[in-house]
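To keep things clear, I will list the structure first and then write my remarks on it.
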Amino acid sequence: MEDVRLLQKETDETAMKKAIFIISLCVLALMVVTVGVTAFRGLDFGNAITLTLNGAQNMSIEVGETYQEAGASAVLSDTEVPVTVSGSVDSAHIGDYLIKYTAQANGYLRTEYRYVRVVDSEAPVITLTTDPNAYTLIGETYVEEGFKATDNYDGDLTQEVVRKEKDGIMTYTVTDSYGNVTSVTRKINYVDPNAPILTLEGGQLSFIMVGDNYEEPGCTATDFRDGDLSANVIVSGDVDGNIPGIYTLQYSITNSIGVAATKERTIYVIPKQEEASSPDAPSTENPENPDDPNMPPIINLPTPGTTIEPNGKTIYLTFDDGPGPHTDRLLDILKKYGVKASFFIKGANAHPQCLTRAAEEGHTVAIHTYSHNYSEIYASDESFLADLEATQNVILQHTGQKAMLTRFPGGSSNTVSSAYNKGIMTRLTKKLEELGYQYFDWNVDSNDAGGAKDADEVFKNVTEGVAKRTNSVVLQHDTREFSVDAVERIIAWGLCNGYTFAALDFNSPTCHHGIWN
Ligand code: ZN
159 MEDVRLLQKE
169 TDETAMKKAI
179 FIISLCVLAL
189 MVVTVGVTAF
199 RGLDFGNAIT
209 LTLNGAQNMS
219 IEVGETYQEA
229 GASAVLSDTE
239 VPVTVSGSVD
249 SAHIGDYLIK
259 YTAQANGYLR
269 TEYRYVRVVD
279 SEAPVITLTT
289 DPNAYTLIGE
299 TYVEEGFKAT
309 DNYDGDLTQE
319 VVRKEKDGIM
329 TYTVTDSYGN
339 VTSVTRKINY
349 VDPNAPILTL
359 EGGQLSFIMV
369 GDNYEEPGCT
379 ATDFRDGDLS
389 ANVIVSGDVD
399 GNIPGIYTLQ
409 YSITNSIGVA
419 ATKERTIYVI
429 PKQEEASSPD
439 APSTENPENP
449 DDPNMPPIIN
459 LPTPGTTIEP
469 NGKTIYLTFD
479 DGPGPHTDRL
489 LDILKKYGVK
499 ASFFIKGANA
509 HPQCLTRAAE
519 EGHTVAIHTY
529 SHNYSEIYAS
539 DESFLADLEA
549 TQNVILQHTG
559 QKAMLTRFPG
569 GSSNTVSSAY
579 NKGIMTRLTK
589 KLEELGYQYF
599 DWNVDSNDAG
609 GAKDADEVFK
619 NVTEGVAKRT
629 NSVVLQHDTR
639 EFSVDAVERI
649 IAWGLCNGYT
659 FAALDFNSPT
669 CHHGIWN
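When we follow the numbering used here, the leftmost residue of the sequence shown carries the number 159, and every step to the right adds one.
In structure tokens:
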């Protein structure tokens with residue numbers, strides 16, 4: 159027995175030694191290969207040939223974009239030597255590619271490599287199907303209304319979506335093969351089985367242009383005891399389609415055990431932008447300090463029945479980081495109300511045709527960034543300007559015009575840049591001015607890239623911020639679906655309260671935040 163155990167122990171030790179030996183061999187082999195490759199990279203008999211790559215040695219391109227071979231040049235004692243290029247980039251597939259450049263003359267050989275990474279920076283898009291009348295009784299399981307996930311690279315990802323319910327909120331998350339993550343949420347409509355349920359046909363918000371008749375879409379009421387109570391719904395309030403303003407209608411019902419339910423519908427009777435506004439008035443406000451504490455916030459004015467007068471205040475809607483899959487819908491909304499906005503674009507994005515449309519429809523197309531990669535952009539003045547120029551080229555290509563308005567990634571007051579380059583914001587703000595550019599920050603943040611998670615919060619943040627200012631430069635992101643969802647309501651609210659919407663131009667209030675790096 160003792161012997162057997164000893165033997166067993168020895169066998170285990172031998173196996174362990176064997177394993178360590180094999181691992182050591184593998185590590186050694188890897189080292190040999192690494193050293194070999196490193197040596198080969200610099201292989202150069204006498205280092206006599208100078209081989210220079212045109213463009214960057216390490217580069218990344220967006221999947222689907224065409225890889226442009228920039229080539230290389232080689233010189234041996236002042237004489238040009240032909241360069242052979244081998245290897246290719248399959249830009250339809252994400253991955254890392256190596257292009258090899260070889261120059262050979264008079265017995266000398268020189269080799270260089272370019273490393274090309276095909277990236278996918280576009281996150282998947284999750285679309286939720288929502289039945290406005292769906293509800294789940296408290297205590298019952300939510301029945302999914304439907305969802306779809308698509309990705310520019312992976313195609314249909316619906317099967318990969320992970321759902322998680324917490325506190326009545328369902329979160330849908332999906333990751334594409336490059337690792338981009340998208341999450342969207344829905345609030346489940348849980349209802350009390352003892353209370354009647356009111357359902358507003360046509361939704362809680364209604365937008366009509368002045369002069370159009372308001373047609374009541376109706377409100378139904380059902381109850382688990384009493385059945386259909388729709389005929390007993392009491393509607394209070396009035397809407398006059400000829401007088402612009404924000405109207406509310408109240409709907410109420412009480413069931414046979416005395417439990418009541420109420421709902422409210424907001425109807426925006428919207429004046430035309432042309433009628434509501436005088437042309438973009440010059441700013442008298444100090445743009446560096448746009449807050450006026452004496453200005454009362456005006457949230458729900460005017461009282462229905464009063465005429466809307468232009469209030470002398472201007473809203474500059476600005477959208478960063480697009481174009482994206484929601485930009486076309488945003489342009490439809492802006493068009494419907496004759497409202498002009500400004501787009502600070504990310505040059506590397508898909509959907510560049512939206513830029514053409516935006517420019518054609520009178521919006522301002524301006525520079526934000528090409529890559530939006532802070533470590534790259536703020537590495538040096540040169541790399542910032544290269545990123546700016548790349549964005550400028552995209553704009554020029556798709557709109558036929560040069561953009562002279564810019565917005566720094568992170569704003570001019572960002573301090574993240576100091577991690578990469580001390581003092582760069584101080585230099586860049588001066589440099590842009592020298593080059594004839596005007597940069598814009600913002601004074602109203604929708605917070606759609608921060609705490610705001612749905613259209614209601616975006617609407618609240620924007621309208622509360624705008625109400626306090628004479629000139630509001632509003633920051634939103636048209637890459638966020640819920641932020642685009644809020645735009646129609648923001649416009650309707652603004653027009654009904656006498657605001658003027660305008661696109662930024664060279665003389666608009668710049669709202670500079672101040673420089674911290
Ligand atoms: Zn941005």
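Idealized CB from N, CA, C, for every residue including glycine. Treat the numbers as computed from the prediction; the structure is a model and nothing was measured.
In three-state terms, what does DSSP make of Ala537? coil
If Tyr536 and Ser575 are in contact, beta carbons under 8 Å, what's the gap, nearest whole angstrom? 4 Å
How far does the alpha helix (DSSP H) with Asp334 in it reach, from first residue to last? Segment: none, Asp334 is in no alpha helix (DSSP H) and carries neither H nor E.
Should Asp479 be counted as a contact of the ligand ZN given a C-beta to heavy atom distance under 8 Å? yes
Which term fits Ala389, buried or exposed, when burial requires 16 or more other beta carbons within 10 angstroms of its beta carbon? exposed
Got a sec? Which residues, its chain only, sit under 6 Å from Ser300 by beta carbon, not counting five neighbours each side? The question names Ser, but residue 300 is Tyr in the sequence shown. Closer than 6 Å at the Cβ level, and outside the excluded window around Tyr300, lie Thr294, Ile346.
Gly652 lies in the alpha helix (DSSP H); which residues open and close that run? 645-654
Starting from Asp478 and walking both ways along the beta strand (DSSP E), at which residues does that stretch end? 472-478
Element boundaries [beta strand (DSSP E), containing Asn216]: 216-220
Taking the continuous alpha helix (DSSP H) assigned at Lys681, which residues delimit it? With the chain represented from 159 up to 675, any question about residue 681 goes unanswered, as that position is not in the structure.
Candidates Gln317, Phe659, Val276, Asp643: which alpha carbon is nearest Asp486's? Asp643
Determine the DSSP secondary structure at Gly326, reduced to helix, strand or coil. coil
Should the region 281-291 be called in touch with the region 320-333, which here means at least 3 C-beta pairs below 8 Å? yes
How big is the Cα-Cα spacing for Glu302 and Val339? 21 Å
Length of the line joining the Cα atoms of Leu543 and Lys471: 35 Å
Collapsed DSSP secondary structure at Tyr495 in the structure displayed: coil
Assign Asp248 to one of three DSSP states: helix, strand, or coil. coil
Exposed or buried, what is Ile392 when buried is set at 16 or more other beta-carbons lying within 10 Å of its beta-carbon? exposed
Am I right that Ile428 and Ile503 are in contact with their C-beta atoms under 8 Å? What's the rounded C-beta distance? Not really, about 28 Å apart at Cβ, beyond 8 Å.
Starting from the Cα of Asn601, find the closest Cα among Thr628, Glu615, Lys588, Glu238 and give me that residue. Thr628
Since I believe Thr522 is in contact with Ala661 (beta carbons under 8 Å), could you give me their beta-carbon distance rounded to a whole number of angstroms? 4 Å
State whether the region 252-265 contacts the region 605-612, with contact taken as three or more CB pairs (one from each stretch) at a distance under 8 Å. no
Can we count Gly482 as close to the ligand ZN, meaning its CB is less than 8 Å from some heavy atom? no
Does the ligand ZN have even one heavy atom less than 8 Å from the beta-carbon of His509? no
With a cut-off of 8 Å on the beta carbons, I'd call Thr404 and Tyr426 a contact; round off their distance for me. Correcting the residue type first, residue 404 is Ile in the shown sequence and not Thr. Contact flag correct, Cβ pair sits at about 6 Å.
Contact between the region 610-625 and the region 582-595 (3+ Cβ pairs under 8 Å): no
In angstroms with no decimal places, state the Cα-to-Cα distance between Asp599 and Gly569. 6 Å
How would you write the range of the beta strand (DSSP E) that Arg423 sits in, first residue to last? 418-428
For Asp254, the first and last residue of its enclosing beta strand (DSSP E): 253-263
Can you have a look at Asp314 and say buried or exposed, based on whether 16 or more other CB atoms are within 10 angstroms of its CB? exposed
Close beta carbons around Asn264, own chain, < 7 Å, minus the five adjacent residues each side: Leu234
Collapsed DSSP secondary structure at Lys560 in the structure displayed: coil
Hey, would you say the C-beta of His671 is under 8 Å away from at least one heavy atom of the ligand ZN? no
Does any heavy atom of the ligand ZN sit closer than 8 Å to the C-beta of Thr527? yes
Can we count Phe502 as close to the ligand ZN, meaning its CB is less than 8 Å from some heavy atom? yes
Just how far apart, CA to CA, sit Ile219 and Ser244? 19 Å
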